[in-house]
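Just so we're aligned: 46 in our numbering is position 44 of the sequence shown, and the numbers increase by one with no gaps anywhere.
All C-beta atoms in this analysis are idealised placements derived from N, C-alpha and C, irrespective of residue type, glycine included.
Each remark here refers to the structure printed beneath this line.
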Amino acid sequence: MVDYALLDRFEAQLVEELLRLTTSRMLLEGTLLSSEDIDYRWHELAPEYMVDATKEIAQYPTVAVAWAGYLGMAVANGWDKDWATTQKATYQSFYGADGFDDMDEHITRDILGLPLESDNAQWLEKTIRVCAQTAVSRIRHEGIEPQSPMAFHVFSRAVKTMYRIGAAIELKRLGYKFEKIGTSFEC
3 MVDYALLDRF EAQLVEELLR LTTSRMLLEG TLLSSEDIDY RWHELAPEYM VDATKEIAQY
63 PTVAVAWAGY LGMAVANGWD KDWATTQKAT YQSFYGADGF DDMDEHITRD ILGLPLESDN
123 AQWLEKTIRV CAQTAVSRIR HEGIEPQSPM AFHVFSRAVK TMYRIGAAIE LKRLGYKFEK
183 IGTSFEC
């Protein structure tokens, strides 16, 4: 049986913690920038991402979580630059030359346009790594039986959160921000 209350609490707390972390590292401003288009794209890409990521959990749990952040950045970048193409792009188009293994470098260099040796790319890499380590630590803190259905659900919420954090980081990098319009907020 899936405990949706636990999953919702886990996700909300993880979002809050990662927002604090990315804000302290000057990549966000305490707000999760988002777009329905970008969020919906996760639902299309998630099944294939989860196949790749679950293979990595045992040996590289941080990578399994972190690469979702890079995927979110790539989708947000495409949302800004060429949504017609990005919304139809295959999941594999986000792969690097070595497939899933170097997805982070491909997205950073080839999609975001940041030289891998640049200060910006290295700061981004460190931040995504710390966020992923935080997510993995929170998963372990839940004390859920490894390889159980509930463990899979918690993991899937963590990678979805990383995707959304990555997208928010890229939206902010591209100059987006929340602005008050009347009594509501829009991005």
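Should residue 77 and residue 40 be called a contact, given that it needs their Cβ atoms to be closer than 9 Å? By one-based count along the sequence shown, residue 77 stands at place 75. By one-based count along the sequence shown, residue 40 stands at place 38. Cβ atoms of residue 77 and residue 40: closer than 9 Å.
Smallest Cα separation from residue 8: which of 84, 47, 42 and 146? Position 6 of the sequence shown holds residue 8. Per the Cα distances, 146.
Option in 160, 149 and 129 with minimal Cα separation from residue 25: Taking the sequence shown and counting its residues from 1, one reaches residue 25 at position 23. Proximity to residue 25 across 160, 149 and 129 peaks at 129, based on C-alpha coordinates.
Buried or exposed by the 16-neighbour rule on C-beta atoms within 10 Å, applied to residue 117: Within the sequence shown, the letter at position 115 stands for residue 117. That one is exposed.
Inter-residue spacing [alpha-carbon to alpha-carbon] between residue 48 and residue 17: Translated into positions along the sequence shown, residue 48 becomes position 46. Translated into positions along the sequence shown, residue 17 becomes position 15. Using only the alpha carbons, I get a separation of about 18 Å.
Measuring CB atoms only, is the region 166-179 touching the region 138-157, in the sense that at least three cross pairs come out at less than 8 Å? Result no; under three Cβ-Cβ pairs closer than 8 Å.
What separation, rounded to the nearest whole angstrom, lies between the Cα atoms of residue 95 and residue 73? Here residue 95 is taken as the residue at index 93 of the sequence shown, counted from 1. Here residue 73 is taken as the residue at index 71 of the sequence shown, counted from 1. Answer to the nearest angstrom: the Cα atoms are 11 Å apart.
Where does residue 168 fall in DSSP's three states? Translated into the one-based positions of the sequence shown, residue 168 becomes position 166. Helix at residue 168.
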